[in-house]
Amino acid sequence: DIQMTQSPSTLSASVGDRVTITCRASQSISNWLAWYQHKPGKAPNLLIYDASSLESGVPSRFSGSGSGTEFTLTISSLQPDDFATYFCQQYNSYPYTFGQGTKLEIK
Amino acid sequence: QVQLVESGGGVVQPGRSLRLSCAASGFTFSTYGMHWVRQAPDKGLEWVAVTSNDGSIRYYADSVKGRFTVSRDNSKSTLYLQMNSLRADDTAMYYCARIRYSKSYPDNWGRGTLVTVSS
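Protein sequence lines, in the order shown, are assigned to chains A and B. Residue 106 in the numbering used here sits at position 106 of the first sequence, and the numbers go up by one each step. In the numbering used here, each number is its position in the second sequence, counted from 1, plus 107.
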């Protein structure tokens with residue numbers, strides 16, 4: 001199975017900050033990676049697919065980059081609505097696997 | 108708009124069975140593959156199972172293989188997860204998710220249904 005290591009597990013930041021979350025795959029997954037935002041009691045929301053493609057309707061302050069084994073999600077200027085948990089998922093091969101998640105908290 | 112609503116969760120004793128449902132609306136259900144994904148308390152997400160749009164192809168995580176069965180009724184736009192021989196470590200929030208058309212990644216998720224396995 002492909003292991004996804006996501007860091008940090010918790011991130012404290014302020015409105016307006018630029019933040020970066022990283023996911024590392026235990027083997028190459030090309031660009032088969034998605035990023036999701038998840039708020040308590042709500043459905044996870046797709047942000048980025050194919051490592052760097054922005055999902056329709058997602059604000060442009062979200063961006064993704066990387067290929068192979070190292071990937072990043074960047075939020076260029078944090079907004080109050082962005083405080084949530086973020087997780088990555090590889091879909092290169094079954095079983096699909098997820099990062100452990102990053103909880104983005106208000107500093 | 109796309110809506111996925113899970114139901115059927117609850118408290119069940121170890122060794123018993125439970126069937127989860129995922130009611131889909133807002134899209135042509137029979138066109139899309141579907142996943143089940145779960146999240147145990149204070150743990151990360153774990154992929155559970157996937158089915159193709161017509162149910163002919165199904166894959167399972169090793170942790171549930173032989174105990175869980177994914178199925179679908181396209182006439183009812185509903186996805187199912189039959190869970191047998193439940194164990195304490197099956198306790199989790201269970202989500203269904205739609206696979207983007209002609210792609211591999213989930214693009215829409217439900218809010219989940221909670222399964223608690225406890226005596």
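Ideal Cβ positions, reconstructed from N, Cα and C, are used throughout, including at glycine.
Proximity test, Cβ basis, 8 Å: residue i and chain B
i                    : result
residue 42 (chain A) : yes
residue 97 (chain A) : yes
residue 11 (chain A) : no
residue 32 (chain A) : yes
residue 87 (chain A) : yes
residue 16 (chain A) : no
Straight-line Cα distance separating residue j from residue i
i                     : j                     : result
residue 112 (chain B) : residue 76 (chain A)  : 33 Å
residue 72 (chain A)  : residue 64 (chain A)  : 6 Å
residue 74 (chain A)  : residue 61 (chain A)  : 8 Å
residue 218 (chain B) : residue 130 (chain B) : 12 Å
residue 35 (chain A)  : residue 215 (chain B) : 12 Å
Burial state of residue i, where buried means 16 or more other Cβ atoms lie within 10 Å
i                     : result
residue 15 (chain A)  : exposed
residue 213 (chain B) : buried
residue 164 (chain B) : exposed
residue 99 (chain A)  : buried
residue 179 (chain B) : buried
residue 196 (chain B) : exposed
residue 138 (chain B) : exposed
Cutoff 8 Å: residue i Cβ touching any chain A Cβ
i                     : result
residue 73 (chain B)  : As displayed, chain B neither begins before 108 nor continues past 226, which places residue 73 (chain B) out of reach and without an answer.
residue 149 (chain B) : no
residue 168 (chain B) : yes
residue 218 (chain B) : yes
residue 214 (chain B) : yes
8 Å contact criterion, which residue i and residue j should meet: CB distance rounded
i                     : j                     : result
residue 119 (chain B) : residue 125 (chain B) : 5 Å
residue 6 (chain A)   : residue 102 (chain A) : 6 Å
residue 12 (chain A)  : residue 70 (chain A)  : So it is not a contact: roughly 23 Å between Cβ atoms.
Chain D within 8 Å of residue i, Cβ atoms only
i                    : result
residue 83 (chain A) : As a matter of chain content, chain D is missing from the structure shown, whose protein chains are A and B.
**Item:** Cβ contact check for the stretch 144-157 of chain B and the stretch 199-214 of chain B: 3 or more pairs under 8 Å
**Value:** At 8 Å Cβ cutoff, the stretches touch.
**Request:** Taking 8 Å as the threshold, find out whether the stretch 18-30 of chain A comes into contact with the stretch 187-197 of chain B through three or more Cβ pairs.
**Result:** In short, these stretches do not touch, since the Cβ pair count stays below three.
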